[in-house]
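**Student:** Sequential numbering of the sequence shown, starting at 1, is according to the UniProt record's numbering.
For each residue, glycine too, the CB sits at the ideal point set by N, CA and C.
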Amino acid sequence: MGKIHALCVSEKKGTLKHPVAAVRFETEWGIKGDAHAGLWHRQVSFLGLKEIEDFRKLGVDVKLGSFGENVVAEGFRFKELPVGTRLRAGDVWFEITQIGKECHKGCAIREQVGDCIMPREGVFARVLHGGEVKEGMELELVPAGEKLPLDAAIITASDKGSRGERADKSGPKVREMLEAAGYVVADMAILPDEQAALEDKMKEYAAQGIGLIVTTGGTGFSPRDITPEATLAVCERLAPGIPEAMRALSMKVTARAMLSRAQAGICRRSLIVNLPGSVKAIEECLGFILPQLQHGIEILRGDAGECGRK
Numbered sequence: 001m002g003k004i005h006a007l008c009v010s011e012k013k014g015t016l017k018h019p020v021a022a023v024r025f026e027t028e029w030g031i032k033g034d035a036h037a038g039l040w041h042r043q044v045s046f047l048g049l050k051e052i053e054d055f056r057k058l059g060v061d062v063k064l065g066s067f068g069e070n071v072v073a074e075g076f077r078f079k080e081l082p083v084g085t086r087l088r089a090g091d092v093w094f095e096i097t098q099i100g101k102e103c104h105k106g107c108a109i110r111e112q113v114g115d116c117i118m119p120r121e122g123v124f125a126r127v128l129h130g131g132e133v134k135e136g137m138e139l140e141l142v143p144a145g146e147k148l149p150l151d152a153a154i155i156t157a158s159d160k161g162s163r164g165e166r167a168d169k170s171g172p173k174v175r176e177m178l179e180a181a182g183y184v185v186a187d188m189a190i191l192p193d194e195q196a197a198l199e200d201k202m203k204e205y206a207a208q209g210i211g212l213i214v215t216t217g218g219t220g221f222s223p224r225d226i227t228p229e230a231t232l233a234v235c236e237r238l239a240p241g242i243p244e245a246m247r248a249l250s251m252k253v254t255a256r257a258m259l260s261r262a263q264a265g266i267c268r269r270s271l272i273v274n275l276p277g278s279v280k281a282i283e284e285c286l287g288f289i290l291p292q293l294q295h296g297i298e299i300l301r302g303d304a305g306e307c308g309r310k
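(1) Give the single residue among W40, G145 and I117 whose Cα lies nearest to the Cα of L87.
(2) Report all residues from its chain with a CB closer than 6 Å to the CB of D270; omit the five preceding and five following residues, and keep chain order.
(3) Using 8 Å as the Cβ pair cut-off and three pairs as the minimum, do the stretch 272–291 and the stretch 115–122 touch?
(4) Hey, would you say F78 sits closer than 9 Å to F46, going by beta carbons?
(5) Out of R126, G90, A22 and G14, point me to the one whose CA is closest to C8's CA.
(6) Just reading off the alpha helix (DSSP H) that H295 is part of, what are its end residues?
(7) How many whole angstroms separate the CB atoms of A193 and A153, which I take to be in contact at a CB cut-off of 8 Å?
(8) Does R224 come out as helix, strand or coil in the three-state DSSP assignment?
(9) Alpha carbon to alpha carbon, how far is V72 from K17? Give it in angstroms, no decimals.
(10) Considering only their Cβ atoms, is the gap separating G33 from N70 smaller than 9 Å?
(11) Below 9 Å between beta carbons: does that hold for L191 and I226?
(12) What residues in its chain sit with their C-beta under 8 Å from that of I289, if we drop five residues either side in the sequence?
(13) What's the C-alpha gap between I96 and P240?
(14) Sort Q98, E283 and I4 by Cα distance to K134 and report the nearest one.
(15) Using 10 angstroms around the beta-carbon of W93, count the other beta-carbons present and answer buried if the total reaches 16, otherwise exposed.
(16) Do S250 and E283 have their beta-carbon atoms positioned less than 9 Å apart in this structure?
(17) Return the chain-ordered list of same chain residues with a C-beta closer than 7 Å to the C-beta of S162, the five sequence neighbours on each side being excluded.
(18) Report the start-end ranges of each alpha helix (DSSP H) in the stretch 210–277 that is 4 residues or longer and not cut off at the edges.
(19) Does the distance from the C-beta atom of G130 to that of T215 stay below 9 Å?
(20) By the DSSP assignment, the beta strand (DSSP E) with G171 in it spans what residues?
(21) Measure from the C-beta of E283 to each C-beta in chain C and report whether the shortest distance is under 9 Å.
(22) Quick one: using the 10 Å Cβ neighbour count with 16 as the cut-off for buried, is V83 buried or exposed?
(23) Take the Cβ of M1 as the centre, count every other Cβ of all protein chains shown within 10 Å, and call the residue buried at 16 or more, exposed below.
(24) Looking at the strands, I want to know which residues DSSP matches up with D187.
(25) Going residue by residue through the UniProt domain "MOSC" (18–142), where are the continuous alpha helix (DSSP H) segments of at least 4 residues, counting only ones entirely within it?
(26) Can you tell me whether S222 is buried or exposed? The criterion is at least 16 other CB atoms within 10 Å of its CB, across all chains shown.
(27) Do you know how far the Cα of Q98 is from the Cα of C116?
(28) Exposed or buried, P291, counting other C-beta atoms within 10 Å across all chains shown (16 or more means buried)?
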């Protein structure tokens, strides 16, 4: 167990980082607004407070963030933690991906400070689950084998529901079924059938690292039914077997199931699944696929191995 002593960011590459009171970590990205965040393996950098204090004893006055570190914490010698080690602070989970690095030519830190201890003492990590972290929060090692919390979010796509003209029954039904299956529902939203709004909400949930994002409604042939288009725009990879399985099941009930345009796919570390809008169809479809989704989410998060039948 350790404690976060400082959180540091730089808005522009090539400049020293500076401490801030709180930051928001985004899944598979890093600190929101930090110039070094991105879709790569060095999303966040860690450095021990003791290593900085030892450097100061050499007579060099360095400020927190001078070595390019995002997180300064006491209680850890980070370079002794092997690659793959997981850490967490509140809702945020990290996984160490690299220990140290070579300073690039013209390193701003070395030029301004005279030395750079990140190659010797710093480590880098990716963000597995996002959230807000404040200075002074505890930072702890995640015990081996412990999995990320099974969380979910629900989006109801409905013009009338968003205006309060019709009670949302589908969202609460999804919540009831998810909670019965062991999910913690982190948030629920009712949005109009507007593609931009749906995309933004899906991206917001994916940035948080929510494991399962379920949408309900907007999957038919009406000109306002654009949930599948929003899903396709957000997803980096598709999971076509999920909607195919739901349609195959529903075809046993009604041939009109062939008109469903539902999609499913992956955004960052989140699985997004489109469900129909009717409560009866939700009970049938979600009830059918739900037992298999957890394993897929655990693979996506690195908590389980690949699918395979023994």
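**Tutor:** On the basis of the supplied data:
(1) Start at 1 with the first residue of the sequence shown, and residue 87 comes out as number 87. It is G145 whose Cα lies nearest to the Cα of L87.
(2) Start at 1 with the first residue of the sequence shown, and residue 270 comes out as number 270. Contrary to the premise, residue 270 reads as Ser rather than Asp in this sequence. Excluding residues within five positions, the ones whose Cβ falls inside 6 Å are A206, I210 and I213.
(3) no
(4) As a working mapping, residue 78 is identified with position 78 in the sequence shown. As a working mapping, residue 46 is identified with position 46 in the sequence shown. Yes. Within cutoff.
(5) Taking the first residue of the sequence shown as position 1, residue 8 is located at position 8. Ranking the options by Cα distance to C8, first place goes to A22.
(6) What you label residue 295 is simply residue 295 of the sequence shown in a count that begins at 1. Residues V279 to L300.
(7) Counted from its first residue, the sequence shown places residue 193 at position 193. Counted from its first residue, the sequence shown places residue 153 at position 153. Note on residue identity: the sequence assigns Asp, not Ala, to residue 193. With 8 Å as the limit, D193 and A153 do not qualify as a contact, their Cβ atoms being about 18 Å apart.
(8) Here residue 224 is taken as the residue at index 224 of the sequence shown, counted from 1. Of the three classes helix, strand and coil, the one that applies to R224 here is coil, per DSSP.
(9) For the purposes of this step, residue 17 is taken as residue 17 along the sequence shown, with counting starting at 1. For the purposes of this step, residue 72 is taken as residue 72 along the sequence shown, with counting starting at 1. Looking at the two C-alpha atoms, the distance is approximately 12 Å.
(10) Residue mapping note: residue 70 aligns to position 70 of the sequence shown, counting from 1. Residue mapping note: residue 33 aligns to position 33 of the sequence shown, counting from 1. Result no, Cβ atoms of N70 and G33 do not sit closer than 9 Å.
(11) Looking up residue 191 in the sequence shown gives position 191. Looking up residue 226 in the sequence shown gives position 226. No.
(12) Residue 289 sits at position 289 when you count from the first residue of the sequence shown. Counting only Cβ-Cβ distances below 8 Å, and skipping sequence neighbours, we find I242, A245, M246 and V273.
(13) Position 96 of the sequence shown, counted from the start, is the residue given in the question as residue 96. Position 240 of the sequence shown, counted from the start, is the residue given in the question as residue 240. Approximately 32 Å between the Cα atoms of the pair.
(14) Numbered from 1 along the sequence shown, position 134 holds the residue referred to as residue 134. Among Q98, E283 and I4, the Cα nearest to that of K134 belongs to I4.
(15) In the sequence shown, counting from the first residue as 1, residue 93 sits at position 93. Burial call: buried.
(16) The residue labelled residue 283 in the question sits at position 283 within the sequence shown. The residue labelled residue 250 in the question sits at position 250 within the sequence shown. No.
(17) Numbered from its first residue, the sequence shown carries residue 162 at position 162. Excluding positions up to five away in sequence, the list reads I190, L191 and P192.
(18) 227–234 and 241–251
(19) Along the sequence shown, one-based indexing puts residue 130 at 130. Along the sequence shown, one-based indexing puts residue 215 at 215. No, these two residues do not count as a Cβ contact at 9 Å.
(20) Numbered from its first residue, the sequence shown carries residue 171 at position 171. Premise fails: G171 lies in the alpha helix (DSSP H), S170 to A180, not in any beta strand (DSSP E).
(21) Structure shown: chain C not included; a single protein chain is present.
(22) Within the sequence shown, numbered from 1, the residue matching residue 83 stands at position 83. The residue is exposed, with fewer than 16 neighbouring Cβ atoms inside 10 Å.
(23) Position 1 of the sequence shown holds residue 1. Label assigned to M1: exposed.
(24) Translated into positions along the sequence shown, residue 187 becomes position 187. Looking at the DSSP assignment, D187 forms a beta bridge with A153.
(25) 49–56, 108–113 and 118–121
(26) Numbered from its first residue, the sequence shown carries residue 222 at position 222. Exposed.
(27) As a position in the sequence shown, residue 116 is number 116, starting the count at 1. As a position in the sequence shown, residue 98 is number 98, starting the count at 1. One C-alpha to the other measures close to 17 Å.
(28) The residue given as residue 291 occupies position 291 in the sequence shown. Exposed is the call here.
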